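Engineer: Chains as they are written, first to last, in our numbering: chain A, 16 to 413; chain B, 16 to 413.
Supplied in structure tokens, the structure appears directly below.
There are 2 protein chains.
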Amino acid sequence: MNRRILLAELAQETPSRIVFLVMDGLGGAPGPDGKTELEAARIPNLDALAVRSQLGLTDPVSPGITPGSGPSHLALFGYDPLEFQVGRGVLEALGIDFPLKTTDVAMRANFCIVDQNGILADRRAGRLETAQAARLCRMLRDIRLVGAEVMVEPVKEHRFVVVFRGDGLAAEVADTDPQKTGVPPIDPKPLNAEAERTAHLAGEFIRQSRAILEGQPANMVLLRGFSKYPSIPSLPELYKLRPAAIAIYPMYRGLARLVGMDVLAGGNSLEDQLRTLRSHWDKYTFFYLHVKDPDRTGEDGDFPGKVRAIEEVDRHLPALLDLGPQVIVVTGDHSTPAVLKGHSWHPVPFLLNSPWCVPDGLPFSERACGQGSLGRFPAVDVMGLAMAHALKLNKYGA
Amino acid sequence: MNRRILLAELAQETPSRIVFLVMDGLGGAPGPDGKTELEAARIPNLDALAVRSQLGLTDPVSPGITPGSGPSHLALFGYDPLEFQVGRGVLEALGIDFPLKTTDVAMRANFCIVDQNGILADRRAGRLETAQAARLCRMLRDIRLVGAEVMVEPVKEHRFVVVFRGDGLAAEVADTDPQKTGVPPIDPKPLNAEAERTAHLAGEFIRQSRAILEGQPANMVLLRGFSKYPSIPSLPELYKLRPAAIAIYPMYRGLARLVGMDVLAGGNSLEDQLRTLRSHWDKYTFFYLHVKDPDRTGEDGDFPGKVRAIEEVDRHLPALLDLGPQVIVVTGDHSTPAVLKGHSWHPVPFLLNSPWCVPDGLPFSERACGQGSLGRFPAVDVMGLAMAHALKLNKYGA
């Protein structure tokens with residue numbers, strides 16, 4: 016019996032509330048003065064909470080693995096990220112709030128440049144400007160396929176999303192991106208018999224794209240990550256929770272919707288997010304509050320910016336605690352050290368507070384969490400711990 | 016290869032002795048003054064031992080899971096508690112020292128009350144007094160079934176045990192307890208073809224019970240947890256140990272017997288238990304010494320009582336150490352914080368002493384164990400660690 020099924024068998028509905036305060040990319044690494052972003056930040060409220068909480072470090076996937084936002088969030092919500100996978104096409108569609116149907120096939124697409132012999136010269140068309148790419152996307156909307164509707168949506172720079180909608184489509188089609196220049200793009204190949212028609216439609220989409228894009232700053236497209244909306248048992252089904260998400264960025268709203276959360280509307284500042292939380296407090300038993308800035312600044316290599324982003328969360332923490340959640344978890348989905356300018360494999364600082372915890376008496380930082388009594392553990396265990404502390408799990412066995 | 020099989024392959028018999036001192040429900044949570052029961056207890060002997068030992072925290076099943084005594088003990092003895100499961104009927108029978116045969120089917124039964132339409136009015140017959148229930152059990156011994164012997168034994172209040180003995184019985188029968196009143200009890204349903212006859216016998220048992228109980232303070236029975244004595248490879252087979260159990264409560268004696276331990280007779284005080292240990296010291300290489308009081312007092316919400324129960328163990332520790340075991344493990348099967356009045360998911364304090372350990376220099380408490388060098392680990396790994404420190408495991412690979 017796997018752990019998710021075990022939890023589902025033991026879960027009971029109670030009115031107690033769990034809040035996951037997820038600072039995207041929270042974990043860091045030492046900057047020039049030897050401190051991590053979290054260590055450099057002045058966070059009196061988080062430190063005070065940490066002192067009366069239990070700390071640990073989580074591995075989103077497993078030690079040494081740098082996760083994307085999809086796997087790292089799935090783990091936090093209790094889904095083994097190696098068992099449940101969200102395809103790149105679907106993730107890209109979620110990221111622009113695209114209303115995917117379960118029968119759609121979504122692809123992540125790049126505008127690119129091929130030479131007169133059809134050889135790939137630039138896989139990203141010089142990182143085409145977003146406005147330019149949007150114009151090309153509008154042109155591609157003239158494409159007509161037999162037996163499937165086509166939707167084309169710009170994302171950012173050279174990246175866009177293609178969705179085929181229709182009956183009997185399958186996602187088992189190989190990428191057309193050869194991942195290098197000097198060779199031609201690969202024709203879309205079906206990976207099984209059911210996907211033959213979809214691969215054929217993709218081939219036709221590429222042919223028509225090339226004709227439409229003739230003479231444009233990008234004259235060809237690459238298709239990757241053919242995928243369908245995955246079937247994931249929802250948090251209400253699994254854990255008898257009434258879950259809500261308060262997230263500003265579309266991809267996180269999409270991931271939350273994927274696991275059965277209600278996605279709450281509201282303003283974009285942290286203050287707005289807390290106002291949304293407060294006004295929905297009575298309706299839900301689980302809140303996922305997503306804060307993007309620590310990751311955004313980390314990705315930019317902006318160490319002081321990430322420090323400030325963490326400090327801003329600290330300033331709003333008292334308003335959250337005032338609501339009196341039975342269980343509050345403060346953590347990240349993964350680490351994004353500014354010195355690495357990107358996601359990393361570093362284990363993620365984790366804090367859990369409840370009336371039943373045995374406080375570690377430590378402040379909140381990577382190093383303090385490394386000393387915490389929760390030890391180092393897989394992020395997929397977070398949901399079970401939180402459910403336990405909210406007294407939402409029955410006993411296993413007599 | 017799973018870990019149990021690996022250990023079995025590497026195990027060698029040696030005269031070194033391992034003692035597991037298991038304080039049932041040892042782990043706690045902070046009481047009113049912020050200390051846990053273990054922290055509040057004056058335990059100079061345990062602290063002195065801890066200082067020269069290695070500490071850690073164990074998860075009996077997995078983080079967040081509150082285990083019953085069955086799964087938590089199986090884990091301590093090295094059996095994955097999700098792989099090996101002891102049915103409720105069998106556990107209840109073990110708990111009254113009932114001599115189950117491997118072909119028997121045991122059920123946990125309740126006396127209950129149904130109205131004139133057969134609708135369940137009280138699932139526990141007002142928690143019938145034990146003496147009354149014993150009288151009704153004696154009446155039910157008149158039941159005769161074709162092809163199986165029936166045994167009926169009282170447990171406590173409305174609870175009793177029913178055992179069918181005969182050839183070709185199967186345990187795959189669904190509970191008859193609907194878990195709520197206002198509906199009739201469920202007829203016993205076979206869950207596979209082999210269990211059809213057993214389900215039929217259960218139906219006949221219920222029919223005759225109802226006729227016999229007409230006009231009594233309980234007029235019906237509910238049957239749950241149909242189960243057979245599980246087939247578990249024994250500790251002597253697996254680990255080449257000669258294991259003995261010194262436990263007062265029947266369920267723990269039963270669990271010990273289940274994994275192939277000799278269950279030693281003796282008096283009921285801790286002093287008696289240590290006398291039993293001493294007098295059998297030469298005959299065995301593994302001793303499981305079970306102390307119930309920390310759990311009993313924790314279940315009662317009796318914080319000072321649990322503190323005293325731990326202190327009592329501390330007073331007897333020197334007598335145990337005087338025997339000179341090569342390896343001594345002091346831990347619990349699970350946590351039972353007095354503030355929660357029941358088993359909990361809290362990881363369990365764990366201490367291991369041997370001539371080969373690298374001492375942590377810490378006292379014995381939940382928080383000290385959270386700092387221990389053994390970290391937080393699954394209880395199923397305890398047996399391997401103890402075997403290693405007793406030099407009872409050969410090298411793996413060349």
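We put the beta carbon where it would ideally sit given N, CA and C, even for glycine.
Owing to the predicted nature of the structure, the values given are computational and were not obtained by experimental measurement.
Closer than 6 angstroms by C-beta to D112/A: which residues in its own chain qualify, once you throw out the five before and the five after it? Chain order, please.
Structural biologist: P265.
Engineer: So, for L72/A: in the same chain, excluding its five sequence neighbours on each side, which residues have a beta-carbon less than 7 angstroms away from its beta-carbon?
Structural biologist: Only P362, V363, P364, F365, C384, G385, R391 meet the Cβ criterion.
Engineer: Within a Cβ cutoff of 6 angstroms, which residues of the same chain sit near E211/A, ignoring the five residues on either side of it in sequence?
Structural biologist: Result list for E211/A: P205, in chain order.
Engineer: Residues of the stretch 67-83 of chain B with a CB closer than 7 angstroms to any CB of chain D: list them in chain order, please.
Structural biologist: Annotation note: the requested chain D is absent from the structure, which comprises protein chains A and B.
Engineer: Check whether the Cβ atoms of N179/B and L216/B lie closer than 7 angstroms to each other.
Structural biologist: The residue asked about is misnamed: residue 179/B is Phe in this sequence, not Asn. Yes, the Cβ-Cβ distance between F179/B and L216/B is below 7 angstroms.
Engineer: Just the chain A side, please: which residues come within less than 8 angstroms of G40/B by C-beta, in chain order?
Structural biologist: Simply none; closest approach about 13 angstroms.
Engineer: On the DSSP letters alone, give me the boundaries of the alpha helix (DSSP H) that T73/A sits inside.
Structural biologist: Not the alpha helix (DSSP H): T73/A falls in the beta strand (DSSP E), residues 69-74.
Engineer: Could you round the C-beta distance between N368/A and S68/A to whole angstroms and report it? I think they count as a contact, below 8 angstroms.
Structural biologist: Confirmed, about 4 angstroms.
Engineer: With distance defined between alpha-carbon atoms, name the residue in T191/A, R382/A, G133/A, C372/A nearest to R382/B.
Structural biologist: For R382/B, the nearest C-alpha among the options comes from C372/A.
Engineer: Which chain A residues sit within Cβ distance under 9 angstroms of H361/B?
Structural biologist: By Cβ distance, chain A contributes W371, C372, V373, A403.
Engineer: Below 7 angstroms between beta carbons: does that hold for F302/B and V34/B?
Structural biologist: Taking 7 angstroms as the Cβ cut-off, F302/B and V34/B qualify as a contacting pair.
Engineer: Measure the CB-CB distance between M276/B and P258/B and report whether it falls below 7 angstroms.
Structural biologist: Yes, the pair counts as a contact, with Cβ atoms nearer than the cut-off.
Engineer: So what does F241/B bridge to, in DSSP terms?
Structural biologist: DSSP lists no partner for F241/B.
Engineer: Quick check on DSSP: helix, strand or coil for L366/B?
Structural biologist: Strand, per DSSP.
Engineer: Going by DSSP, name the residue or residues bridged to R180/A.
Structural biologist: Note: R180/A sits in a beta bridge opposite E164/A.
Engineer: Tell me the rounded alpha-carbon separation between V76/A and M398/A.
Structural biologist: Rounded to whole angstroms, V76/A to M398/A spans 14 angstroms at the Cα level.
Engineer: Let's test the definition: count the other Cβ atoms within 10 Å of the Cβ of Y254/A and tell me whether it reaches 16, buried, or not, exposed.
Structural biologist: Its Cβ being crowded by 16 or more others within 10 Å, Y254/A is buried.
Engineer: Please determine, among A403/B, A324/B, G387/B, the residue with the shortest C-alpha to C-alpha distance to I58/B.
Structural biologist: The option with the nearest alpha carbon to I58/B is A324/B.
Engineer: Answer with yes or no whether the minimum CB distance from L400/A to chain B is below 7 angstroms.
Structural biologist: Yes - at least one Cβ of chain B is within 7 angstroms of the one on L400/A.
Engineer: Indicate whether A124/B and D130/B have their beta-carbon atoms separated by less than 7 angstroms.
Structural biologist: Not closer than 7 angstroms, so no.
Engineer: My guess is that R225/B and H173/B are in contact by the Cβ rule of under 8 angstroms, so how many angstroms apart are they, rounded?
Structural biologist: Between H173/B and R225/B the Cβ distance is about 16 angstroms, and since that is not below 8 angstroms, they are no contact.
Engineer: Please state if the CB of S359/A and the CB of T81/A are separated by a distance shorter than 7 angstroms.
Structural biologist: Yes.
Engineer: Taking the straight line between their C-alpha atoms, what separation do you get for G339/A and W296/A?
Structural biologist: Their backbone Cα atoms lie some 10 angstroms apart in a straight line.
Engineer: Count the C-beta pairs between the stretch 46-58 of chain B and the stretch 316-330 of chain B that are closer than 8 angstroms, then say yes if the count reaches three, no if not.
Structural biologist: Yes, the stretch 46-58 of chain B is in contact with the stretch 316-330 of chain B.
Engineer: Taking the continuous alpha helix (DSSP H) assigned at F220/A, which residues delimit it?
Structural biologist: First-last of the alpha helix (DSSP H) with F220/A: 211-228.
Engineer: Could you list which residues in chain A have their beta carbon closer than 8 angstroms to that of A413/B, in chain order?
Structural biologist: Simply none; closest approach about 27 angstroms.
Engineer: Output, in sequence order along the chain, the residues in the stretch 347-358 of chain B whose CB is closer than 9 angstroms to any CB in chain A.
Structural biologist: Of all residues in the stretch 347-358 of chain B, P352, V354, L355, G357, H358 have a Cβ within less than 9 angstroms of some Cβ in chain A.
Engineer: If you measure between the beta carbons of L61/B and D329/B, is that distance less than 7 angstroms?
Structural biologist: Their beta carbons are under 7 angstroms apart, which means L61/B touches D329/B by this criterion.
Engineer: Starting from the C-beta of A148/B, find all residues in its chain whose C-beta is less than 7 angstroms away, skip the five residues before and the five after it, and write them out in chain order.
Structural biologist: Closer than 7 angstroms at the Cβ level, and outside the excluded window around A148/B, lie F126, P169, E172, H173, F175.
Engineer: Please report the straight-line C-alpha distance between P200/A and P319/A, rounded to a whole angstrom.
Structural biologist: Rounded to the nearest angstrom, the two C-alpha atoms are 42 angstroms apart.
Engineer: Is the separation between the beta-carbon of M307/A and that of E52/A shorter than 7 angstroms?
Structural biologist: Strictly speaking, residue 307/A in this sequence is Lys, with Met absent from that position. Not closer than 7 angstroms, so no.
Engineer: DSSP beta-bridge partners for D287/B?
Structural biologist: Looking at the DSSP assignment, D287/B forms no beta bridge with any residue, so it has no partner.
Engineer: Comparing the C-beta of G230/B with each C-beta of chain A, is any distance below 7 angstroms?
Structural biologist: No, G230/B does not count as interfacial toward chain A.
Engineer: Does the distance from the CB of G79/A to the CB of V101/A come in under 7 angstroms?
Structural biologist: Not in contact: G79/A and V101/A (Cβ atoms no closer than 7 angstroms).
Engineer: Just mark D11/B as buried or exposed, buried being the case when its beta carbon has 16 or more other beta carbons within 10 Å.
Structural biologist: Outside the displayed span of chain B (16 to 413) sits residue 11/B, for which this structure offers no information.
Engineer: Distance cutoff 7 angstroms, beta carbons only. Does D202/A sit that close to anything in chain B?
Structural biologist: It does not; no Cβ of chain B falls within 7 angstroms.
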